[in-house]
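Novice: Just so you know, the protein sequences line up as chains A and B, in that order. For what it's worth, the numbering used here labels the leading residue of the first sequence as 392, then goes sequentially. For what it's worth, the numbering used here labels the leading residue of the second sequence as 392, then goes sequentially. Attaching a single structure in structure tokens format; questions to follow.
Number of protein chains: 2
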Amino acid sequence: MTISEVSKKFGLSADTLRYYERIGLIPHVPRSQSGLRDYDEESCNWIEFIKCMRSAGLPIEILIEYVTMFRQGDSTISARKELLIEQRDILRQKISDMQSTLDRLDYKINLYESGMMKQCENKLFKK
Amino acid sequence: MTISEVSKKFGLSADTLRYYERIGLIPHVPRSQSGLRDYDEESCNWIEFIKCMRSAGLPIEILIEYVTMFRQGDSTISARKELLIEQRDILRQKISDMQSTLDRLDYKINLYESGMMKQCENKLFKK
DNA sequence: ATAAACCCTGGAGTTGACTCTATGTCAAGT
DNA sequence: ACTTGACATAGAGTCAACTCCAGGGTTTAT
């Protein structure tokens, strides 16, 4: 697959794909004899995985660490597991914080819906 | 309340508080006769609200828009409501995406836990 | 076979959201 | 009165994560 096909497939710009490869966030992509990238399935799997993790906000630095360890083989298995657990716990916390904010937004929108805003703008802040 | 008290209370740096005020993300804070900030309850309420929304990832630009409309009074009520609904929907989507990623992380961690990684690193990618 | 479209690399530029610095004022304790 | 520490402003700097650009090869469709 060419870079533009992969770009379309995953919704990441070609620049981003090249950037990710350059910084080691995805392993080196195979090239044609003339040097053009020719993505295989493994490359695509990495891209999909990284895209997913990035979209949840995992920092690039951490993901590079993960990819790097992955390539070092079995000796890094337990460190990789720890990394994933740490990131999972952070993500859990973030989701729960965001859920509270979502609830608050729902509450505020209800106030607007029920026309309460005219009587008292300050209700926005009562709890 | 002084800026450092507010800073401690909400866990935002004094620089950030000044920055938020400067860009109009929170309304002008009252000053002492010598020009020092003296936060009142309303200011604190705004800070708490903005901190909450920012922590959920709502962009500063959008929040400035909201604050600005708020200060224009009742004529902006329906526009404010629309803004909140839009942001809520975005947030909902984000939470649901993050939940999927969380599930995926849980799944991966289980693989590591059950010692499956040694047999087949590629299992990482099978769905 | 040649123009249009695509791809390459290396490096500079952008964006959002702070964070820090320089310079100066103000306040509280001794 | 004087030193020490908090606060003020304006503006520059930082950081993460892209995004764009220049200059140059490659592929494809007419």
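Each residue gets a CB set at the ideal place from its N, CA and C atoms; glycine is no exception. Values in this document were obtained by computation on a predicted structure and should not be read as measured data.
1) Hey, out of Tyr503/A, Lys472/A and Ser487/A, whose CA is closest to Asn501/B's CA?
2) Determine whether the beta carbon atoms of Ser434/B and Ile451/B lie at a separation below 8 Å.
3) For Ile441/A versus Val397/A, is the C-beta distance shorter than 8 Å?
4) Tell me where the alpha helix (DSSP H) around Ile414/A begins and ends.
5) Which chain A residues sit within Cβ distance under 8 Å of Gln463/B?
6) Whole angstroms are fine: how far does the CA of Gly402/B sit from the CA of Asn436/A?
7) Can you name the residues that DSSP bridges to Arg422/A?
8) Could you give the DSSP three-state label for Tyr457/A: helix, strand or coil?
9) Going straight from the alpha carbon of Ser505/A to that of Leu482/B, what length do you get?
10) According to the Cβ coordinates, are Asp497/B and Arg422/A closer than 8 Å?
11) Within 8 Å of any Cβ in chain B, is that where the Cβ of Gln484/A sits?
12) Compare the beta carbon distance of Met489/B and Ala405/A with 8 Å and say whether it is the shorter of the two.
13) Rounded to the nearest angstrom, what separates Asp494/A and Leu475/B at their Cα positions?
Specialist: In terms of the structure at hand:
1) Lys472/A
2) no
3) no
4) No alpha helix (DSSP H) holds Ile414/A; DSSP gives it neither H nor E.
5) Simply none; closest approach about 11 Å.
6) 40 Å
7) Arg428/A
8) helix
9) In a straight line, the C-alpha of Ser505/A is about 22 Å away from that of Leu482/B.
10) no
11) no
12) no
13) 12 Å
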